[in-house]
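First residue of the sequence shown? That's 1 in the UniProt record's numbering, and the numbers climb one at a time after it.
Using N, Cα and C, we set each Cβ at its ideal position, and we do this for glycine too.
These figures come from a predicted structure and were not determined experimentally.
Report on one structure; see the data block that follows.
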Amino acid sequence: MARELVHGTCVALGKSAALLRGGSGAGKSDLALRFLALPGEGALRPILVADDQVWVDTDGNGQPMASVPEAIAGKIEVRGLGITEMLFLAEAPLVLICDLVPPDQVPRMPPTPFERTMVAGAAVPLLKLSAFEASAPLKLRMALLRASAQ
Numbered sequence: 001m002a003r004e005l006v007h008g009t010c011v012a013l014g015k016s017a018a019l020l021r022g023g024s025g026a027g028k029s030d031l032a033l034r035f036l037a038l039p040g041e042g043a044l045r046p047i048l049v050a051d052d053q054v055w056v057d058t059d060g061n062g063q064p065m066a067s068v069p070e071a072i073a074g075k076i077e078v079r080g081l082g083i084t085e086m087l088f089l090a091e092a093p094l095v096l097i098c099d100l101v102p103p104d105q106v107p108r109m110p111p112t113p114f115e116r117t118m119v120a121g122a123a124v125p126l127l128k129l130s131a132f133e134a135s136a137p138l139k140l141r142m143a144l145l146r147a148s149a150q
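Okay, structure coming up:
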């Protein structure tokens, strides 16, 4: 399947990535910034993959992979501060897509395993999350751990 450029922000926990999708102002970069501030080392270290645009492709085994466009590598938009440089991971296996929605659209009990959505020809687990809830970064971390195990 063809490589796909997706409007979104991608973060990883260790080497397992989540793609945050949502409209302008939905909280993609804000949630990513709060997620990146969570403690962790090694396989549990939060790290940026890409902000605003993410390449999604599949590897030779059909595993979806997220990568950063070269022009924005290591950059994240921090509202009120502007474009900020940070450590990043150039590419990571995409194990979760997180659609950012209003709180009333977050299902109380999502299906287990997660529903799936297609990106770059691959089916990826899908979670709906409200970006501005105080617990959103922790929920994202928990969902990444669960999706990595599926």
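Item: Could you name the residues of the same chain whose beta carbon sits closer than 7 Å to that of A149, not counting the 5 residues immediately before and after it, in chain order?; Value: none
Item: Could you tell me if D104 is buried or exposed, where buried requires 16 or more neighbouring beta carbons within 10 angstroms of its beta carbon?; Value: exposed
Item: Spell out the partners DSSP gives Q63 in its beta bridges.; Value: Answer is none; Q63 lacks a bridge partner.
Item: Decide yes or no for the touch test of the stretch 15-25 against the stretch 80-94: beta carbon pairs closer than 8 Å, at least 3 of them.; Value: yes
Item: Near R45, what residues of its chain come up, given a Cβ to Cβ distance below 7 Å and the 5 sequence neighbours on each side ignored?; Value: G14
Item: Contact between the stretch 105-114 and the stretch 57-66 is defined here as three or more beta-carbon pairs at a separation below 8 Å; is this criterion met?; Value: no
Item: Check whether the Cβ atoms of E70 and D52 sit closer than 8 Å, and answer yes or no.; Value: no
Item: Which residues does DSSP list as the beta-bridge partners of L48?; Value: V11, F88
Item: What's the call for L127, buried or exposed, on a 16-neighbour Cβ count within 10 Å?; Value: buried
Item: Can you list, in chain order, the residues of its chain whose CB lies under 7 Å from that of K139, leaving out five sequence neighbours each side?; Value: L129
Item: Which term fits P64, buried or exposed, when burial requires 16 or more other beta carbons within 10 angstroms of its beta carbon?; Value: buried
Item: With a CB to CB cut of under 8 Å and the five nearest residues on each side skipped, what residues in its chain are close to E133?; Value: P103, K139
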